[in-house]
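These notes are about the structure you will find just below.
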Ligand code: ATP
Ligand code: MG
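In my numbering, the protein residues as written are 571 to 951.
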C-alpha cells in the first residue's frame, strides 16, 4: 500500500531524492514546524500501487550484533531484501528501557549495530536503515495504542516476564512494561506485513497483531496485520549453555569479532559434560557446539552426529570444523564492514534511511489522525 495526495510534498518519492530536499527536516524533526500544520490540507487516500510488501525488523543498540542475531533474524533480512521493501529499525528508544542510566553509550552502539547489519549483507540501496528516536511519530502512535492495551496483557507477556527476571527487575518501569506497545508502533508506522525475528519476539508480534485488529476495528482499516517470520534457529543458545545468546548477558560470539577471538571462544566452550576423555561416547543433544554446528555448518551435521555418539570424532576436531565454518561466514562480513567504516559513508546511509522512514511515518500518522477523526484542521477547514 502507498499513500498519494494532491500535494506533492507528501508523495512518497524515490529513496535517493528524499535525501537532498528534506535532509535537515527529517533528521532534526524538532526544528521543523509542527507536523499537523503540514498535513492539514491533505486529502489522503490509500491505494495499492506499491509493488512490494514491507518488512520491519531491527535491533536494540545495546551492543554489537552476535551469531544469535544472525541466525534468528539478520539472515532472513538479507535473504528477503530483494523481495520486500525492508525497514531496519535501530531501536535506541527501546534500548533505553533497560539502559536509561547510561545513554552515553548509544552513540557508539547505534553506529555499530548499523555497521553490523550492513556488514552482514544488507544493501543500503535496497533497505531503509533508520534511527527510532528521530521518528517522533512512533512515540505518538505508541501513545494512541496505549489507550486500549491493558496493563494485565503486558504483565502476562512471557518475554517481559523472562527478561524482567534476567535483569532482576521486581518493580517494572512504565517504559519497560510498555515496550511491546512501542514495538507495535515500530512495526506499524510503515504499515509492515512481515517481521523476521527470533523466537523471543513472537509474543510481541502477537501483541502487535492484537493492537492492529483492535485499532482497525475501532477506527477503520489502516494497518495490515503483520506476521512474524521465525527462522529454524529461533533461539541460539549462548556460550554459557544456559540462556539465549544475548548481548546484555555477555555470552556471545560477535559478528565483528576477530578470527582468533572467535576460535578461542569455541575452543574453551563447554561441550557434553559426560565426554571427559577423547574416547567417551558423545551426546550431541546436550552439546552447544552441536547446536552451533546445526546453525552454521548444517552440511556437516549428518556425518557428525553418529561420529560423535560413537566417539569417532573428538571435541577438538569437531570444534575445528565449527571454527572453519564460522570463519567462512564472518570473513566476508569483516571485508564489507571495512567499506562501510570509511568516513561519512555510514552517516549518509543513516541520514537517508531516517529521512525516508520519517516521510513514511508522517504519511501513516496522517492516515491515523484521519481514521481517528482527530485531523482537526482538515475537518474544520
Ligand atoms: P538485548 O539482550 O539487549 O535485548 P538481544 O541480544 O536480545 O539484546 P535484540 O536487539 O533484543 O538482541 O534482538 C534483535 C533480534 O535478534 C530479535 O529479533 C531477536 O529475537 C533476535 N535474537 C536475539 N538474540 C537471539 C538469539 N540468541 N537467537 C535467535 N535470535 C535472537
Ligand atoms: Mg532482546
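Cβ coordinates follow ideal geometry from the N, Cα and C atoms, glycine included.
Keep in mind the model is a prediction, meaning the values are calculated, not measured.
- If you look at residue 802, you'll find it isn't in any alpha helix (DSSP H); DSSP assigns it neither H nor E.
- Annotation: residue 944 is outside any beta strand (DSSP E) and is labelled neither H nor E by DSSP.
- Inclusion of residue 767 in the 6 Å shell around ligand 1 follows from its C-beta lying nearer than that to a non-hydrogen atom of the ligand.
- Set against 6 Å, the gap from the CB of residue 756 to the closest heavy atom of ligand 1 is not smaller.
- The alpha-carbon of residue 660 is positioned some 45 Å away from that of residue 851.
- Around residue 907, the same chain offers 685, 689, 826 as residues with beta carbons nearer than 7 Å, after the five sequence neighbours per side are excluded.
- Cβ neighbours of residue 845 within its own chain (closer than 7 Å, five residues either side excluded): 852, 885.
- Counting C-beta pairs closer than 8 Å gives fewer than three between the segment 690-701 and the segment 721-736, which falls short of the contact rule.
- When DSSP states are grouped into helix, strand and coil, residue 641 belongs to the helix group.
- By the neighbour-count criterion, in which 16 or more other beta carbons inside 10 Å mark a residue as buried, residue 909 falls on the exposed side.
- The C-alpha of residue 792 lies about 7 Å from the C-alpha of residue 938.
- The beta carbon of residue 790 is closer than 7 Å to those of 941 in its chain, skipping five residues each way along the sequence.
- Among the bridge pairs identified by DSSP, residue 628 is matched with 659.
- Contact between the segment 801-815 and the segment 870-881 is absent, with fewer than three C-beta pairs closer than 8 Å.
- In the structure shown, residue 623 adopts coil according to DSSP, grouped into three states.
- For residue 912, the secondary structure class from DSSP, reduced to helix, strand or coil, is coil.
- In the DSSP assignment, residue 708 falls within the unbroken alpha helix (DSSP H) covering 706-716.
- Straight-line measurement puts the Cα of residue 873 at about 47 Å from the Cα of residue 759.
- Taking 6 Å as the cut-off, the C-beta of residue 909 does not count as close to any heavy atom of ligand 1.
- Rounded to the nearest angstrom, the gap between the Cα atoms of residue 672 and residue 870 is 43 Å.
- A straight line joining the alpha-carbon of residue 858 with that of residue 710 spans about 43 Å.
- The DSSP-derived three-state label of residue 759 is coil.
- Per DSSP, residue 766 is one residue of the beta strand (DSSP E) stretching across 764-767.
- Taking a cut-off of 8 Å for Cβ pairs, the segment 630-642 and the segment 813-821 touch, as three or more such pairs fall below it.
- Assignment of residue 698 by DSSP, reduced to helix, strand and coil, places it in the strand class.
- Short note on residue 770: C-beta closer than 6 Å to some heavy atom of ligand 1.
- The C-beta distance from residue 746 to residue 668 rounds to 7 Å, short enough to meet the 8 Å contact threshold.
- Going by DSSP, residue 693 is part of no alpha helix (DSSP H) at all; its letter is neither H nor E.
- Residue pairing of residue 636 in beta bridges, as defined by DSSP: 824.
- With a beta-carbon spacing of about 6 Å, residue 772 and residue 800 fall inside the 8 Å limit used to define contacts.
- Per DSSP, the unbroken alpha helix (DSSP H) holding residue 773 starts and ends at 772-789.
- Excluding residues up to 5 positions away in sequence, 863, 866, 867, 870 lie with their Cβ nearer than 8 Å to the Cβ of residue 895 in the same chain.
- At least one heavy atom of ligand 1 sits closer than 6 Å to the Cβ of residue 805.
- For residue 745, the uninterrupted alpha helix (DSSP H) run begins and ends at 744-747, by DSSP.
- Residue 814 is bridged by DSSP to 807.
- Contact between residue 627 and residue 765 holds, with the beta-carbon distance rounding to 5 Å and staying under 8 Å.
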